[in-house]
Ligand SMILES: [Zn+2]
């Protein structure tokens, strides 16, 4: 009985979701997009659409349907200031990177920030707090959190599963008559004995457009042997906008037989990182270009593939010409086609023997250790089997261990791996300041990768392969006042701002006190900026105030700033 009820509940919500005109636009300016649903981003699919706000912040934002606020989050990163609004049709709409909330909502948020003594809050809100009618003003657009410029990030989610849905499937007034563009094709030999043209390396082909289709430049018949994968570099565009956006669906047919079909209607946040297997990750790391594969690796569990023959790979055998077609669509049905020919030829290359340290299997946990290094990769972290390579580089100045070269940063990890590095010549008084860093092998630059000292070793979890070693952070964060002069005179009338920065471990805590009471400092991490806005309701004015600000990093190095000023 419960199952039947659930079925009807689901059916009901699907019908409701499909209704035309259910959602109004969240803005009253023309709907122009700078980002599309499921567009490929670093380590994730874009979970909504990015609506342009004419290059400015402060554009009024309206709720798209009747509902109530169910969640409000404020963070120095991610969506910054964000509202989540639940609707009766079983969906939640999300509005991110906001500059400010409507007065009563802002008051509610601030009360909670003072109660929790924290700028960062993630509030579950009861339906009775903020009931909303379609078209009610709720916020002003902004650039908060990890936004790269003023815009509104807008999402429609399935309330129950929290899976983001493709908003372009609903009837928003978005103009799009432009089909996806194809820039380049890649052919990738997938086994040791397969090749493209005359060797075992990935090969890129320039693409040209004529006769209504895309073709490989000069239209060659490409000779291949063995197991081959195809990948394409593509972007989609909306009318009246130059922003690169993502495609909706991709299909591979060989000799008119379907091999691969992929379509982006919805996904779950848990599977978003599979994007690193959807693209050719090595080319992305080396060239910052994204080639979307038309096959899947065995450890890729992404749910958005809807048809696969031989996992989308092509096995070239015999002396035969094959017609390959790759069809691309955007959500509005604008379609592009790439067509080319391959001919399977017998193998003619001699294999080179590969050297490696250990064979890792994608379907299980993998471990590797030496006398001063340990690596533990959990099950589900690798997309494919791996000929794992490892070496050390000599102990360099400023480091308290060897540099451990853990395979290559061009191979993606789906889950964090744990590493342990033995320290070398680390003085006892610096043990609590030691951490692991990730070193760029080309520039020598390094970034904190966390970790704590334990019995001569530092352990941490890493999300990428690469070069790792131990350093120490003894330098406290820097606090630079922007609104208080050396003689304690204020230079801004309604706020106090500081630039804060840390050299290595990163800023962990910011605590501001005004006249001995906790005071809210808003944190804008991308600009290293913290701001206290003077608040008549919480602090008396026309008197001298004591300000005390402490900023600490993840290695417990602390900087304190104190000032007395008249306000
Ligand atoms: Zn966005």
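Residue numbers (the working numbering): 162 to 728. We treat Cβ as the ideally placed atom computed from N, Cα and C, and that holds for glycine.
Checking the 8 Å criterion, the Cβ of residue 317 is out of range of every heavy atom belonging to ligand 1. A residue is called buried once 16 or more other Cβ atoms fall within 10 Å of its Cβ, and residue 217, having fewer, is exposed. Taking the C-beta atoms as reference points, residue 252 is found nearer than 9 Å to residue 326.
Within the DSSP secondary-structure output, residue 300 pairs in a beta bridge with 222, 262.
Checking the 8 Å criterion, the Cβ of residue 314 is within range of a heavy atom belonging to ligand 1. With respect to the 9 Å criterion, residue 645 and residue 657 are classified as neighbours on the basis of their beta carbons. The criterion of a C-beta distance shorter than 9 Å is satisfied by residue 634 and residue 716. A straight line joining the alpha-carbon of residue 582 with that of residue 589 spans about 16 Å. Per DSSP, the continuous beta strand (DSSP E) segment holding residue 418 begins and ends at 418-424. If you draw a straight line from the Cα of residue 718 to the Cα of residue 429, it is about 38 Å long. Check the Cα spacing between residue 526 and each of 545, 534, 404: the tightest is with 545. Within the DSSP secondary-structure output, residue 618 pairs in a beta bridge with 583, 615.
The beta carbon of residue 538 sits closer than 6 Å to the beta carbons of 527, 578 from its chain, once the five residues preceding and following it are set aside; these are given in chain order. Spanning the alpha carbons of residue 361 and residue 627 requires a straight line of approximately 24 Å. Not one heavy atom of ligand 1 lies closer than 8 Å to the C-beta of residue 220. In the same chain as residue 686, and ignoring 5 residues on each side of it, the C-beta atoms closer than 6 Å to its own belong to 237, 238, in chain order. Taking every protein chain shown into account, the CB of residue 606 has fewer than 16 other CB atoms within 10 angstroms, so this residue is exposed. Residue side-chain check: residue 397 keeps its Cβ at 8 Å or more from all non-hydrogen atoms of ligand 1.
Measuring C-alpha to C-alpha distances from residue 203 to each of 436, 608, 335, 713 identifies 436 as the nearest. Contact check for residue 248 against residue 265 fails: the beta carbons are separated by 9 Å or more. In this structure residue 334 is exposed. Its beta-carbon is surrounded by fewer than 16 other beta-carbon atoms within 10 angstroms. Looking at the backbone, the Cα of residue 463 and that of residue 643 are separated by about 47 Å.
If only complete runs of 3 or more residues are kept, the segment 273-339 shows the beta strand (DSSP E) at 282-285, 298-301, 312-319, in order along the chain. In the three-state scheme derived from DSSP, where H, G and I count as helix and E and B as strand, residue 217 is classed as coil. Excluding sequence positions up to five before and after residue 483, its CB lies within less than 6 Å of the CB of 415, 416, 503, all in the same chain and listed in chain order.
Around the beta carbon of residue 555, fewer than 16 other beta carbons lie within 10 angstroms, which makes this residue exposed. Where residue 652 is concerned, there is no enclosing alpha helix (DSSP H), because DSSP gives it neither an H nor an E. Boundaries of the beta strand (DSSP E) harbouring residue 723: 719-727, taken from the DSSP string.
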